[in-house]
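Numbering-wise, this note's numbering comes out as the position in the sequence shown, counting from 1, plus 13.
Ideal Cβ placement from N, Cα and C applies to all residues, glycine included.
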Amino acid sequence: MKCINFNKFKWEKENLQRKKYEHDAEKFFSNGYYSSDSKEKIKFYTMAIKLNPSFVNAYFNRAELYKELEKYNKAIEDYSKILELNPKDKDCYNNRAIVYYLIKDYDKALQDLDKLVSMDKHYKNIYFNRGMIFLKIDDYKRAAIEFTKAIHEDSRDSEAYENRAFAYYNLKRYSPSIKDYTNALKLTPENKNIYLNRGTIYYKIKNYENAISDYMKALNSKEKDPSFYHEVYTNCSDRLNKKIVPFVNFK
Numbered sequence: 014m015k016c017i018n019f020n021k022f023k024w025e026k027e028n029l030q031r032k033k034y035e036h037d038a039e040k041f042f043s044n045g046y047y048s049s050d051s052k053e054k055i056k057f058y059t060m061a062i063k064l065n066p067s068f069v070n071a072y073f074n075r076a077e078l079y080k081e082l083e084k085y086n087k088a089i090e091d092y093s094k095i096l097e098l099n100p101k102d103k104d105c106y107n108n109r110a111i112v113y114y115l116i117k118d119y120d121k122a123l124q125d126l127d128k129l130v131s132m133d134k135h136y137k138n139i140y141f142n143r144g145m146i147f148l149k150i151d152d153y154k155r156a157a158i159e160f161t162k163a164i165h166e167d168s169r170d171s172e173a174y175e176n177r178a179f180a181y182y183n184l185k186r187y188s189p190s191i192k193d194y195t196n197a198l199k200l201t202p203e204n205k206n207i208y209l210n211r212g213t214i215y216y217k218i219k220n221y222e223n224a225i226s227d228y229m230k231a232l233n234s235k236e237k238d239p240s241f242y243h244e245v246y247t248n249c250s251d252r253l254n255k256k257i258v259p260f261v262n263f264k
């Protein structure tokens, strides 16, 4: 008569139970994924996580929802849990950095992006996002360096040209700033903010003819009176229009 291996029996029972929980967790995850209501989605993802505490995609999607709802601390908790489970999750480092950016914790945002660039030097938008942080802390020299790297990665990134132009403008490097705005216009000729920004620089360096030409295009104006454009310049010179939201990468 064979002896019953109770340890094996217990292990098989626990294994079956675990598989059932994981299967049920997948169902809740699917319900959350296809739900159109943010709060419902969070409930489903939370139930999936309770059944399977290692469910990385459920944490990730819930974190994205918390971010959209501006529950930033909860989003950070979920991203941090993912990194406990998978320290090599590059998207998680990127998106946690963006949440830190949104709560103005720029040091931690840079730490995450530095970690990310050490893992993957060609990760999508990594240099653009680092440039955005340096713009926020008014480190225009380092911002320009990061946007230059972004342009090397994607020479058709018009926003990288725009933001490097903004950095150059603040460094009083007006010629390369104008050149970058011109390159951005070649890529997005319908962008009137670029005309406005380039016109402001032309005005600043007293190239009034080009300044007025750009202002007319930006404002759809046929006004010829220089005093009108001086007022436009006065309103624009302190702060050019720029994109200040980093890119988010989704699973």
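Taking a C-beta distance under 8 angstroms as the contact criterion, Tyr194 and Lys162 do not qualify as a contact pair. Here Ile218 carries a coil assignment [DSSP, helix/strand/coil].
Thr213 carries a helical assignment under DSSP once its states are collapsed to helix, strand and coil.
In the three-state DSSP reduction, Lys237 falls in the coil class, being neither helix nor strand. The beta carbon of Asp37 is closer than 7 angstroms to those of Leu64 in its chain, skipping five residues each way along the sequence. When Lys219, Lys217 and Tyr208 are compared, the shortest CA-CA separation from Tyr228 is found for Tyr208.
Here Leu64 carries a helix assignment [DSSP, helix/strand/coil]. Of the residues Lys230, Asp102, Ile89 and Tyr221, the one whose Cα lies closest to the Cα of His243 is Tyr221. Cβ-Cβ separation between Leu78 and Ile55: approximately 5 angstroms, consistent with a contact (criterion under 8 angstroms). Of the other Cβ atoms in all chains shown, 16 or more fall within 10 Å of the Cβ of Asp102; this residue is therefore buried. In this structure, the CA atom of Leu123 is about 17 angstroms from the CA atom of Tyr85. Excluding residues up to 5 positions away in sequence, Lys80, Tyr85, Ala88 and Ile89 lie with their Cβ nearer than 6 angstroms to the Cβ of Val112 in the same chain. Phe68 and Ser93 have their alpha carbons spaced roughly 13 angstroms apart.
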